[in-house]
Amino acid sequence: MEGFDAFIVVFASGMRLAIPLILACLAGLWSERSGIVDIGLEGKILVGAFASAAVATFTGSMWLGLVAGVAAAIVVSLIHGYASIDQRANQIVSGTAINMVADGLTALIGNAIWSQGGRTPQLPETAQFREIALPFARQIGAAPIIGPIYEGLISGHNLIGYIAFAMVPITYWALYSTRFGLRLRAVGENPAAVDTAGISVRGLRYRAVVICGALVGLSGVYLALGQTGYFQPHMSAGRGFIALAALVFAKWRPWPALATCLLFGCLDAVAIRLQGVELPIIGPVPVQAIEALPYILTVVLLAGFIGKAIPPRASGIPYVKER
Amino acid sequence: MSAPLKPLPVWADVALIPLMNVVAAFVISGFVVLAIGENPLEAVQSLVLGALGDLEGIGYTLFYATSFIFTGLSVAICFHAGLFNIGTEGQAYIGGLGAALVALHFGFLPGYTLAIAAIIGAAVFGAAFAAIPAYLQAYRDSHIVITTIMFNYIASAIMGYVLVNVLRKPGQMNAETEPFRDTALVPQFHDILAHFGITWPVTPFNLSFILALLCCLAVWLLIWRTRFGYEIRTVGANPTAAVYGGISPARVTVITTLLSGALAGGVAANVILGDQHRLILEFVGGFGFVGIAVALMGRAHPVGIILAAILFGVLYQGGQALSIDMPKISRDMIVVIQGLVVLFAGALEHMFRRPVATLLARRTTQPPI
Chain D
2 MEGFDAFIVV FASGMRLAIP LILACLAGLW SERSGIVDIG LEGKILVGAF ASAAVATFTG
62 SMWLGLVAGV AAAIVVSLIH GYASIDQRAN QIVSGTAINM VADGLTALIG NAIWSQGGRT
122 PQLPETAQFR EIALPFARQI GAAPIIGPIY EGLISGHNLI GYIAFAMVPI TYWALYSTRF
182 GLRLRAVGEN PAAVDTAGIS VRGLRYRAVV ICGALVGLSG VYLALGQTGY FQPHMSAGRG
242 FIALAALVFA KWRPWPALAT CLLFGCLDAV AIRLQGVELP IIGPVPVQAI EALPYILTVV
302 LLAGFIGKAI PPRASGIPYV KER
Chain W
5 MSAPLKPLPV WADVALIPLM NVVAAFVISG FVVLAIGENP LEAVQSLVLG ALGDLEGIGY
65 TLFYATSFIF TGLSVAICFH AGLFNIGTEG QAYIGGLGAA LVALHFGFLP GYTLAIAAII
125 GAAVFGAAFA AIPAYLQAYR DSHIVITTIM FNYIASAIMG YVLVNVLRKP GQMNAETEPF
185 RDTALVPQFH DILAHFGITW PVTPFNLSFI LALLCCLAVW LLIWRTRFGY EIRTVGANPT
245 AAVYGGISPA RVTVITTLLS GALAGGVAAN VILGDQHRLI LEFVGGFGFV GIAVALMGRA
305 HPVGIILAAI LFGVLYQGGQ ALSIDMPKIS RDMIVVIQGL VVLFAGALEH MFRRPVATLL
365 ARRTTQPPI
């Protein structure tokens with residue numbers, strides 16, 4: 002039973018660590034499925050986190066913070082969209098630029114306003130998204146097996162956490178069961194065919210980029226208003242790139258994306274838990290090895306040793322309309 | 005919607021358009037400074053004075069520029085082969101491990117051959133770390149951008165582990181090695197000049213700068229004056245045509261990426277052997293990413309890279325002075341400028357092309373007087 006309780010604790014913390022990854026990963030999925038490669042997720046998480054924390058600090062309202070975070074990330078996403086779609090830019094270069102500008106600008110403005118090295122003041126609890134206890138969590142929690150699962154894993158996330166988990170089936174449904182989703186996937190594979198059918202490649206891709214911005218913005222809002230209650234420079238700490246790794250690992254599909262993000266989140270939780278722990282035979286746990294595992298697993302996958310990760314065929318290629 | 009663009013005259017293509025792109029980046033940076041509530045012109049003055057106002061500033065500026073030349077060349081050489089190596093950061097970091105291992109364990113080498121061996125160690129480790137993404141790109145069809153991003157984090161994990169658990173000086177809290185012996189160090193210019201009776205303020209500016217310039221020459225010769233350079237450019241322009249011409253894109257990809265990793269190792273020569281004199285955590289500090297901006301701004305040409313690297317050297321050194329003069333403008337401003345340069349000189353490089361082409365076309369169609 003003790004092992005089970007420990008499992009619940011680690012998995013619950015893994016789920017919380019996975020939430021920003023899930024949102025960013027789904028954001029990347031929408032973008033890349035439409036043919037726009039997005040390595041700027043990291044920067045957009047930062048922008049979402051900063052804008053939400055800044056607005057929540059000024060207004061004292063988490064809701065306005067949420068709107069600001071999502072809106073700011075959408076604006077940045079549209080810049081990437083403009084470069085990728087209208088200017089036919091190299092999407093990797095554009096994403097790199099966005100990461101740099103976001104990283105610098107959020108820290109710069111934060112420092113200019115609050116003079117705390119870029120950190121925003123700690124928000125009061127009323128301006129944060131608090132954990133929501135589902136009905137009867139306490140009562141059911143006493144039951145064996147089901148109790149801890151319900152109380153520890155299913156209950157107790159905040160609103161954005163539940164949105165993140167809900168976005169997985171919604172994304173799945175939208176991509177695979179709607180006309181919009183079909184067209185969006187088609188535009189990522191063969192934009193010329195979509196164009197021939199009289200549907201605007203440009204319009205579809207812009208819509209995908211906006212969805213991407215909204216989701217990745219939420220990821221930033223979760224970090225600032227859900228997890229910590231403030232913004233701090235570089236607080237995304239590579240999550241955008243882990244989400245990118247998860248996206249590749251999940252082969253650009255929503256349900257595997259959820260599973261991969263949970264796996265990477267749990268690895269992180271295990272690494273935190275094993276910090277400084279001495280194991281028999283191995284000695285101190287090389288925490289760095291566990292931290293690097295998501296990246297190593299993704300490279301191994303990319304090398305073609307566990308299946309094959311094939312990106313959407315038109316991803317990264319600007320579409321030039323035939324004349 | 006768009007008619008094909010007429011080719012621009014050479015001067016517009018080589019000088020005007022890149023200049024406009026960079027100017028756009030700086031104008032927007034000026035607006036950012038304005039928005040923060042400071043005077044952009046005063047900011048520029050403070051920045052330039054801090055970087056070039058005295059010999060000490062110049063020394064630091066050139067010290068930073070040295071690192072940027074290495075990372076800029078590293079990114080640029082891959083550009084020529086149509087590859088985007090984002091892994092310069094990680095390759096430079098692992099290059100530091102190579103330099104440190106040689107410097108700490110090859111003490112039997114006579115005199116300054118130890119320093120030379122350590123530099124080679126840095127290059128070899130940098131190249132070795134680029135080898136796996138290179139192989140995966142060339143033979144397993146996995147995209148070098150994704151693998152090198154992953155490898156940057158793997159490098160960080162490896163170095164964290166090695167410095168904390170293996171190489172840390174016994175009884176020391178900081179994760180750093182013991183100092184290297186003197187013969188493993190790359191001499192600093194103020195020491196050299198002192199031999200000739202010239203006093204120069206103490207700065208970390210060291211002989212790696214000369215090495216960086218030699219690398220520029222070597223890269224220029226390689227790309228434009230050798231058969232292999234021709235192969236690199238052909239693969240970059242059109243891999244299918246390259247195959248038709250009997251060139252193996254896979255081979256070119258691997259060798260170019262290895263060279264790129266070796267050039268990234270130059271950062272370790274400059275920072276670790278030339279300045280820190282011991283291996284420390286995070287010594288690359290984002291210089292690999294600056295290399296992307298430098299390569300784009302310098303249009304992947306060694307001369308352009310030297311100029312762009314010096315400009316970024318001015319920004320990095322001057323940014324420090326600026327953040328003291330105007331505390332509201334922290335050093336993050338430099339990262340913003342760097343990002344805007346990548347955005348305008350890289351992603352939006354063709355934004356001004358159409359207006360300029362239209363303008364020039366209109367002028368030339370007017371009847372000559």
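Protein chains in written order, with this note's numbering: chain D, 2 to 324; chain W, 5 to 373.
Just so it is clear, CB atoms sit at the ideal spot from N, CA and C, and this is done for glycine as well.
8 Å Cβ cutoff met for residue i and residue j
i: D:Gly41; j: D:Asn100; result: yes
i: D:Ala247; j: D:Cys26; result: yes
i: D:Gln289; j: W:Ala161; result: yes
i: D:Ala69; j: D:Ala52; result: yes
i: W:Gly63; j: W:Pro205; result: yes
i: W:Val288; j: W:Ala96; result: yes
i: W:Gly130; j: W:Gly269; result: yes
i: W:Ala361; j: W:Leu12; result: yes
i: D:Leu259; j: W:Ile153; result: no
i: W:Gly34; j: W:Pro44; result: yes
Distance between beta carbons of residue j and residue i, contact taken as under 8 Å
i: D:Leu224; j: W:Ser334; result: D:Leu224 to W:Ser334, Cβ: 21 Å. No contact.
i: D:Gly204; j: D:Leu22; result: That pair is no contact at about 29 Å.
i: W:Gly278; j: W:Tyr68; result: In fact, because the Cβ distance is near 12 Å, the residues do not count as touching under 8 Å.
i: D:Val94; j: D:Gly44; result: Actually they do not touch by this definition, with Cβ atoms about 13 Å apart.
i: W:Ala2; j: W:Val37; result: Residue 2 of chain W is absent from the model: chain W starts at 5 and stops at 373.
i: D:Leu154; j: D:Met16; result: 6 Å
i: D:Ala165; j: D:Leu24; result: 5 Å
i: D:Val222; j: D:Val76; result: Actually they do not touch by this definition, with Cβ atoms about 15 Å apart.
Chain W contact for residue i (CB, 8 Å cutoff)
i: D:Asn91; result: yes
i: D:Ser78; result: no
i: D:Val102; result: yes
i: D:Ala304; result: yes
i: D:Val195; result: no
i: D:Pro319; result: no
i: D:Leu280; result: no
i: D:Glu292; result: yes
i: D:Pro287; result: yes
i: D:Phe250; result: no
Cβ neighbour criterion (16 or more within 10 Å) applied to residue i
i: D:Thr107; result: buried
i: W:Asp145; result: exposed
i: W:Asn210; result: buried
i: W:Pro331; result: exposed
i: W:Ile341; result: buried
i: W:Thr230; result: exposed
i: D:Ala74; result: buried
i: W:Gly91; result: buried
i: D:Phe137; result: exposed
i: W:Met177; result: exposed
i: D:Ala143; result: exposed
i: D:Glu3; result: exposed
Residue closest to residue i, alpha-carbon to alpha-carbon, out of the options
i: W:Cys219; options: W:Leu51, W:Gly76, W:Ile62, W:Val31; result: W:Gly76
i: D:Ala7; options: D:Leu30, D:Leu298, D:Gly157, D:Ala270; result: D:Ala270
i: D:Tyr296; options: D:Ala310, D:Tyr320, D:Phe250; result: D:Phe250
i: D:Val197; options: D:Pro312, D:Pro122, D:Val321; result: Looking at the sequence provided, one finds Thr at residue 197 of chain D rather than Val. If we check each option's Cα against that of D:Thr197, D:Val321 comes out closest.
i: D:Ile243; options: D:Trp256, D:Ile155, D:Ala293; result: D:Ala293
i: W:Arg237; options: W:Leu23, W:Ala85, W:Ala29; result: W:Ala85
i: W:Gln141; options: W:Ile259, W:Phe30, W:Ala304, W:Leu352; result: W:Ile259
i: D:Ser78; options: D:Phe12, D:Met63, D:Gln228, D:Ile46; result: D:Ile46
i: W:Leu263; options: W:Leu171, W:Phe193, W:Val79; result: W:Val79
i: D:Gly96; options: D:Ala84, D:Gln88, D:Gly111; result: D:Ala84
i: D:Val35; options: D:Ile114, D:Val48, D:Val76, D:Arg208; result: A small correction: the amino acid at residue 35 of chain D is Ser; Val does not occupy that position in the sequence shown. It is D:Arg208.
i: D:Leu229; options: D:Glu126, D:Ala165, D:Pro285, D:Ala143; result: The question names Leu, but residue 229 of chain D in the sequence shown is Thr. Closest option to D:Thr229, Cα to Cα, is D:Glu126.
Any chain D beta carbon closer than 8 Å to residue i
i: W:Thr151; result: yes
i: W:Asp17; result: no
i: W:Tyr157; result: yes
i: W:Ala198; result: no
i: W:Val339; result: yes
i: W:Ile276; result: no
i: W:Arg144; result: yes
i: W:Tyr165; result: yes
i: W:Met154; result: yes
Near the ligand NAD: residue i beta-carbon under 7 Å from a heavy atom
i: W:Leu262; result: As for the ligand NAD, it is missing from this structure, which has no ligand bound.
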